[in-house]
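K.L.:
Residue 341 in full-length UniProt numbering sits at position 341 of the sequence shown, with consecutive numbering throughout. The C-beta atom is built at its ideal place from N, Cα and C for all residues, glycine as well. Source: prediction; values computed, not measured. Before anything else, here's the structure in question.
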Amino acid sequence: MKTSDQLVAYVGTYTNGDSKGIYRFQVDPVSGQVDHVKAVAEIGGPTYLTISQNNDYLYSVAKVGEDGGVAAYSINEEHDLTLINHQVEAGSPPCHVSLDESNKYLFTANYHKGTADAFSINENGQLSKALSTVQHEGNGPNEARQEKAHAHFAGITPDGNFLCVVDLGTDKIAMYKVEEGKLSLHKEITVKPGSGPRHIRFHPNGKTAYVNAELSSEVIVFEYDHDNGNLKEIQVLSTLPENFEEESTGGALHLSGDGRFLYASNRGHDSIALFTIDENTGQITLNSFTSTEGSHPRDFSIDPTGQFIFAANKDSNNIVQFSRNQETGELTKTGIELSIPNPVCVKFLNLN
1 MKTSDQLVAY VGTYTNGDSK GIYRFQVDPV SGQVDHVKAV AEIGGPTYLT ISQNNDYLYS
61 VAKVGEDGGV AAYSINEEHD LTLINHQVEA GSPPCHVSLD ESNKYLFTAN YHKGTADAFS
121 INENGQLSKA LSTVQHEGNG PNEARQEKAH AHFAGITPDG NFLCVVDLGT DKIAMYKVEE
181 GKLSLHKEIT VKPGSGPRHI RFHPNGKTAY VNAELSSEVI VFEYDHDNGN LKEIQVLSTL
241 PENFEEESTG GALHLSGDGR FLYASNRGHD SIALFTIDEN TGQITLNSFT STEGSHPRDF
301 SIDPTGQFIF AANKDSNNIV QFSRNQETGE LTKTGIELSI PNPVCVKFLN LN
């Protein structure tokens, strides 16, 4: 496993402006200082990334010519990237990519197509052609955004029992069984009509799940049954201030490593909302809002030590660092900021 005394992060971007692809930076875990900011891969549309557990490989959604798919990269000792291969097909690229715990299978969600795909990965990090594709059908009450299925997240549940696919267009969360890369529908859970579920995160205790609803700017809290894959709604809470009436949509959702705090980004209000998690019930309480000091925070990342949050502001071309009080969860701007065009995803190498 590659290690470093510095925290190493990769940045996915939109490439319809000045960005050429994937960028990298390093963070001193003591001072928080950032350096070695550089472009490390030229590729179209790397808007979401994931990294293998051993830090040897990075996978990115990608656009190659008029085709969309996934790209595989090896990570060398200097943390530069070398393309291994990509698997693409006609049409728009996926919007989300993830790995299973064994790093033998990769999963994507495609917003534009309303599909989820499963790929296998060989011992050299190379991607197979898609082993399985599932097509979602349906729509929701928001005619502008829910005219058809829009799969927005595909990830394995922490217990490894199911692939969870969150669909913004149909207001549904689909649970699939995975058998050697083949997907079969096990269960569908319907959420609040018109809410537009985007991503799901599971509490470290494995009993509670949190979904950010993009269209309604809410967090939906569920009890998770790992035996049958069911999600039982127990709470819905807004991610916006009560008096905020301007346009805003939900962005990203992340939990602190200790499971005590939940963070959600708002695109429009341009903030990160902080929630405290009840250790007994898993329910949440809104604590505060922190401006992301930019426009359209599509995603953000908590570094592996839990000391910092990096907010990626797509429309203002900046990534802003915040220190994180690990006792209260509160965020404080450090004054450190990176200039990267259209940043939308920040992923750190894993610690030892």
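Which residue or residues does DSSP assign as beta-bridge partners of Y105?
P.N.:
BP columns for Y105 point to S120.
K.L.:
Could you give the DSSP three-state label for V191: helix, strand or coil?
P.N.:
Of the three classes helix, strand and coil, the one that applies to V191 here is coil, per DSSP.
K.L.:
Going straight from the alpha carbon of G69 to that of F202, what length do you get?
P.N.:
Answer to the nearest angstrom: the Cα atoms are 26 Å apart.
K.L.:
Give the C-beta separation of D303 and L7 to the nearest angstrom, bearing in mind that I take them to be a contact with Cβ-Cβ under 8 Å.
P.N.:
Between L7 and D303 the Cβ distance is about 5 Å, and since that is below 8 Å, they are a contact.
K.L.:
Taking just the CA atoms, how far does K333 sit from S295?
P.N.:
Rounded to whole angstroms, S295 to K333 spans 15 Å at the Cα level.
K.L.:
Residues in the same chain with beta-carbon distance under 6 Å from P343, minus the five sequence neighbours each way, listed in chain order, please.
P.N.:
The residues are V11, T13, A312 and I319.
K.L.:
Tell me whether K347 sits in a helix, a strand or coil according to DSSP, three-state version.
P.N.:
In this structure, K347 counts as strand in the three-state DSSP scheme.
K.L.:
With a threshold of 6 Å on Cβ separation, who are the neighbours of V178 within its own chain once the five nearest residues in sequence on each side are excluded?
P.N.:
Contacts found: L163.
K.L.:
Quick one: give me the first and last residue of the beta strand (DSSP E) that N230 is part of.
P.N.:
Unbroken beta strand (DSSP E) run through N230: N230 to S238.
K.L.:
In this structure, does DSSP put K129 in helix, strand or coil?
P.N.:
In this structure, K129 counts as coil in the three-state DSSP scheme.
K.L.:
Closest to Y48 by CA distance: which of F153, F244, D56 and N230 is it?
P.N.:
Measuring from the Cα of Y48, the nearest candidate turns out to be F153.
K.L.:
From the DSSP output, read off the bridge partner residues of S288.
P.N.:
In the DSSP output, where bridge partners are listed per residue, S288 has L274.
K.L.:
Since I believe A41 is in contact with Y73 (beta carbons under 8 Å), could you give me their beta-carbon distance rounded to a whole number of angstroms?
P.N.:
6 Å between Cβ atoms; contact.
K.L.:
Opposite K177 in the DSSP bridges: which residues?
P.N.:
S184.
K.L.:
To the nearest angstrom, report how far apart D5 and E78 are at their CA atoms.
P.N.:
Distance between the alpha carbons of D5 and E78: 12 Å.
K.L.:
I want to know whether the region 175 to 189 touches the region 227 to 243 - three or more CB-CB distances under 8 Å.
P.N.:
Short answer: they touch.
K.L.:
If I measure Cβ to Cβ from P29 and keep anything under 6 Å in the same chain, skipping five residues before and after, which residues do I get?
P.N.:
Closer than 6 Å at the Cβ level, and outside the excluded window around P29, lie L7 and T305.
K.L.:
Taking just the CA atoms, how far does S265 sit from I272?
P.N.:
If I take the Cα positions, the gap works out to 4 Å.
K.L.:
For a quick check, are the C-beta atoms of H269 and L237 less than 8 Å apart?
P.N.:
No; because the gap between Cβ atoms is not below 8 Å, this pair is not in contact.
K.L.:
Go through the region 201 to 267 residue by residue and report every complete run of the beta strand (DSSP E) that reaches 3 residues or more, in order.
P.N.:
You should have 208 to 213, 218 to 225, 230 to 238, 249 to 255 and 261 to 267.
K.L.:
Between L349 and S52, what straight-line distance do the alpha-carbon atoms span, to the nearest angstrom?
P.N.:
About 9 Å.
K.L.:
Decide if T285 is buried, meaning its Cβ has at least 16 other Cβ atoms within 10 Å, or exposed.
P.N.:
Classification of T285: exposed, given that the 10 Å Cβ count is below 16.
K.L.:
Between D167, S291 and G17, which lies nearest to C95 when the distance is taken from Cα to Cα?
P.N.:
Considering only alpha carbons, the answer is D167.
K.L.:
Less than 8 Å between the beta carbons of G329 and N280, yes or no?
P.N.:
No; because the gap between Cβ atoms is not below 8 Å, this pair is not in contact.
K.L.:
Any idea what DSSP makes of K314, helix, strand or coil?
P.N.:
DSSP places K314 in coil when its eight states are reduced to three.
K.L.:
Between which two residues does the beta strand (DSSP E) carrying I336 extend?
P.N.:
Note, I336: beta strand (DSSP E), L331 to S339.
K.L.:
How close, in whole Å, do the beta carbons of R145 and G196 come, if the pair is a contact with beta carbons under 8 Å?
P.N.:
Their Cβ separation, rounded to whole angstroms, is 6 Å, which keeps R145 and G196 in contact under 8 Å.
K.L.:
Should R324 and I340 be called a contact, given that it needs their Cβ atoms to be closer than 8 Å?
P.N.:
Contact flag unset, no.
K.L.:
Using the Cα positions of Y176 and G335, report the straight-line distance between them to the nearest angstrom.
P.N.:
Distance between the alpha carbons of Y176 and G335 is about 44 Å.
K.L.:
Tell me whether the beta-carbon of A118 lies closer than 8 Å to the beta-carbon of L131.
P.N.:
For A118 and L131, yes; Cβs fall inside 8 Å.
K.L.:
From the DSSP output, in three-state form, read off H96 for me.
P.N.:
If DSSP states are grouped into helix, strand and coil, H96 belongs with the strands.
K.L.:
So for T15, helix, strand or coil by DSSP?
P.N.:
Correct three-state label for T15: coil.
K.L.:
If D56 sits next to G125, beta carbons under 8 Å apart, how far is it from one beta carbon to the other, in whole angstroms?
P.N.:
Going by Cβ atoms, the distance from D56 to G125 rounds to 6 Å, so yes, they are a contact pair.
K.L.:
Alpha carbon to alpha carbon, how far is E223 from L274?
P.N.:
Each residue's Cα considered, the two are about 20 Å apart.
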